[in-house]
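What follows is a single structure, written as structure tokens, with notes after it.
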Amino acid sequence: MTVPLDPLDDLTAFRGVAAERLGSFEHETVPDKPGLRRAGVVLCAVEHDGVPAVIVIRRAYRGRNAGQWGLPGGRLEDGETAEEAALRELHEEIGVRAGPGDIVGRLDDFPATSGFSITPVVVVLDDPGPLAPSPDEVHSVHHASLRKLAADDTPRWVPQPDGGRLLQMWLAPQWRVHAPTGALLWQFREVVLLGRHARVADFVQPDWTRE
């Protein structure tokens, strides 16, 4: 009997599981309101060093979100959907081309304290080709393996003075990712990798993410 491949270790198996779980996930959309700006980002799964991983970037040390961890993406241009903006920014920021057929689903809009509603789009690419990060926007490109994202010790919750808890996604010893990006990675982990129901709109964001 053939043993099914583990989606945390095989990209093809992951694509099937992701499409199934996201197909039954009813994502939440932030309603329009005066002053709301919208952005689309990509949770792009590729094979890296023989295992499936998600592309994570460190933003250039200039302009908005200088030096912060993030996902490829940016604000919508006039007439764009969140998916179109996310795919456009994926190419502009790191040189990776993906089409609508590479999208397997999306997660909840995240209402960032910066005034943006961020729509995360999940993409799976068999062959992303060589990365070509834009130095104006991206300081460095990294890969977080699906198995690391799913590990029990990756999400850590830091108690806050007001009684809340601040999420930190520890993707590596020096990779400590907060919301909004940390929240998107956490929901991806819970919904897509672990098959759980999870919402993230109320997650605490550090003050320095407001810019």
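Residue numbering for the sequence shown follows numbering that gives the first Met the number 0, beginning at 0 and increasing consecutively.
Cβ coordinates follow ideal geometry from the N, Cα and C atoms, glycine included.
What you are looking at is a predicted structure, and each value in this text was computed from that prediction instead of being measured.
query, result
"Helix, strand or coil at R212 [DSSP, three-state]", "No statement about residue 212 is possible, as the shown extent of the chain runs from 0 to 210 and does not include it."
"6 Å CB neighbourhood of L86 in its chain, flanking five on each side removed", "A97"
"Complete beta strand (DSSP E) runs within the stretch 57 to 86 (minimum length 3 residues, chain order)", "72 to 74"
"Residue burial classification, K147 (beta-carbon count within 10 angstroms, cutoff 16)", "buried"
"Neighbour flag for S144 against chain B, beta carbons, 8 Å", "Among the chains of the structure shown, chain B does not appear; only one protein chain is present."
"Sub-8 Å separation of A111 and L75 beta-carbons", "no"
"Limits of the unbroken beta strand (DSSP E) element including G39", "R36 to H47"
"Collapsed DSSP secondary structure at V191 in the structure displayed", "helix"
"Three-pair Cβ contact test at 8 Å for the stretch 8 to 28 versus the stretch 99 to 115", "yes"
"Q204 - containing beta strand (DSSP E), residue span", "No beta strand (DSSP E) holds Q204; DSSP gives it neither H nor E."
"Validate contact between the stretch 118 to 138 and the stretch 157 to 166 using beta carbons, cut 8 Å, 3 pairs", "no"
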